[in-house]
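Working notes, beginning with the structure itself.
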Amino acid sequence: MPQHLVEFVHIRVQEGQEEEFLASRPGAVAAVQAAIPGFVAAPVIAKGEDGLWTDVWIYDSVEQAEAANAKAADMPEFGRMAAVSEVVSIDMAWMPVP
């Protein structure tokens with residue numbers, strides 16, 4: 070059965086920067102989409118009761134996710150989002166593709 074890799078990226082946003090963080094996310098998603106074949110979608114971002122955001126990114130494979138993470142530092146659009154946030158942890162899971 071085909072599967073997609075799903076990254077659950079847990080992020081702490083700097084105080085007072087949530088508006089900038091959310092405004093910068095569409096550009097970061099578009100930059101990854103343009104640069105990484107096998108990027109599927111980033112369909113969900115949600116804030117938990119603990120104040121951490123969970124950003125969901127979906128790829129065809131681990132290799133595409135690793136490529137996106139490696140290239141992120143060279144993407145100004147992604148840098149804008151990263152400038153106001155800190156990745157706390159990343160969990161990965163496999164999602165069946167019907």
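Using this note's numbering, read the sequence shown as starting at 70 and increasing by one per residue.
Even for Gly, the Cβ is constructed at its ideal location relative to N, Cα and C.
Fair warning: this is a prediction, and the values are worked out from it, not measured in the lab.
Helix, strand or coil at residue i [DSSP, three-state]
| i | result |
| --- | --- |
| residue 118 | coil |
| residue 155 | strand |
| residue 98 | helix |
| residue 165 | strand |
| residue 145 | helix |
Rounded straight-line distance, which links the Cα of residue j to that of residue i
| i | j | result |
| --- | --- | --- |
| residue 101 | residue 127 | 11 angstroms |
| residue 125 | residue 98 | 11 angstroms |
| residue 129 | residue 73 | 5 angstroms |
| residue 164 | residue 89 | 30 angstroms |
| residue 121 | residue 111 | 17 angstroms |
| residue 117 | residue 123 | 7 angstroms |
| residue 83 | residue 143 | 22 angstroms |
| residue 155 | residue 132 | 23 angstroms |
| residue 147 | residue 115 | 18 angstroms |
| residue 86 | residue 70 | 41 angstroms |
| residue 149 | residue 119 | 24 angstroms |
N- and C-terminal bounds of the beta strand (DSSP E) containing residue i
| i | result |
| --- | --- |
| residue 82 | 72-82 |
Element boundaries [alpha helix (DSSP H), containing residue i]
| i | result |
| --- | --- |
| residue 131 | 131-140 |
Best match in the options for proximity to residue i [C-alpha to C-alpha]
| i | options | result |
| --- | --- | --- |
| residue 153 | 94, 70 and 119 | 94 |
The stretch 152-162 touching the stretch 77-90, judged by at least three CB pairs closer than 8 angstroms: yes
At least 3 beta-carbon pairs within less than 8 angstroms: the stretch 131-145 vs the stretch 102-116: Touching, yes.
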